[in-house]
Every structure is written in C-alpha cells, then in structure tokens.
Amino acid sequence: MPEKPSPTGSPLDLLEYPTRFPLKVFGNKSAQFEGIVLKLVKARCPQAEFIEVTKRQSKEGKYTALTLTFTVHSRQQLEDIYQDLYECEQVVMSL
C-alpha cells in the first residue's frame with residue numbers, strides 16, 4: 028500500500044510513495060562525477076530502476092548537471108540520498 032503524505036509542511040510529504048522521482052544533481056565537471064552520484068544513489072536505493080539518466084554541461088563547461096529519474100519507496104530513503112549527496116565534495120547542489 029502506498030505511504031500516505033503527512034501534513035508536516037515538507038514538500039517531500041506531498042508525495043505518495045512509491046513514486047517516480049526526478050533527482051537533479053549539479054557538480055564540477057569531472058570524468059568521475061556521474062559514477063560517484065550513481066554509486067551514492069544505488070547505495071541507498073539498491074532496487075533503483077533508473078528510468079532515465081540525462082547529463083548536461085553548463086554553458087561554459089565548468090559544471091555537469093545530472094537528472095536521475097527512478098522509483099523511490101519512502102521519504103526516509105529520499106532524505107538519506109539527499110544527505111549523502113550533501114556530504115559529497117563533488118556535489119555542488121541537488122534538487
């Protein structure tokens with residue numbers, strides 16, 4: 028049965044789990060960036076079925092932007108992924 032949203036005020040509470048979620052991650056351009064991000068997400072979400080992974084470079088080529096669309100099964104799982112990305116030195120920002 029899907030997890031029901033709770034009225035705590037967090038945008039993550041508005042989602043019904045499991046759900047497909049588009050995660051955007053920005054970092055400095057490097058050959059390893061995509062692999063590092065995928066490894067972090069898969070560590071918290073081993074059953075993740077990536078529906079789509081897109082990669083874009085910034086206009087000046089300094090940054091890489093990844094969008095990973097996958098199924099997330101709980102708010103806690105999503106919060107853990109965001110925390111791991113926050114702690115990663117290669118990640119500049121995640122949405």
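Note that this note's numbering numbers the sequence shown so that position 37 is 64, with each residue one more than the last. In this text, a Cβ means the ideal position worked out from N, Cα and C, and glycines have one as well. Quick caveat, the model's predicted, so the values are computed rather than measured.
Collapsed DSSP secondary structure at residue i in the structure displayed
{"i": "P32", "result": "With a pLDDT of only 47 at P32, under 50, the local geometry of the prediction cannot be trusted, and the value read off the model is given with reservation. In this structure, P32 counts as coil in the three-state DSSP scheme."}
{"i": "G88", "result": "coil"}
{"i": "Q104", "result": "helix"}
{"i": "F60", "result": "helix"}
{"i": "Q110", "result": "helix"}
{"i": "L42", "result": "coil"}
C-alpha gap between residue i and residue j, whole angstroms
{"i": "A58", "j": "Y90", "result": "11 angstroms"}
{"i": "E79", "j": "L65", "result": "12 angstroms"}
{"i": "T98", "j": "V118", "result": "21 angstroms"}
{"i": "L42", "j": "G62", "result": "27 angstroms"}
{"i": "S121", "j": "D107", "result": "13 angstroms"}
{"i": "K86", "j": "L50", "result": "21 angstroms"}
{"i": "L93", "j": "Y44", "result": "23 angstroms"}
{"i": "R47", "j": "T96", "result": "7 angstroms"}
{"i": "Q110", "j": "S101", "result": "14 angstroms"}
{"i": "R71", "j": "Q104", "result": "7 angstroms"}
Residue i - partner residues in DSSP beta bridges
{"i": "G54", "result": "T91 and V118"}
{"i": "R47", "result": "T98"}
{"i": "R83", "result": "A92"}
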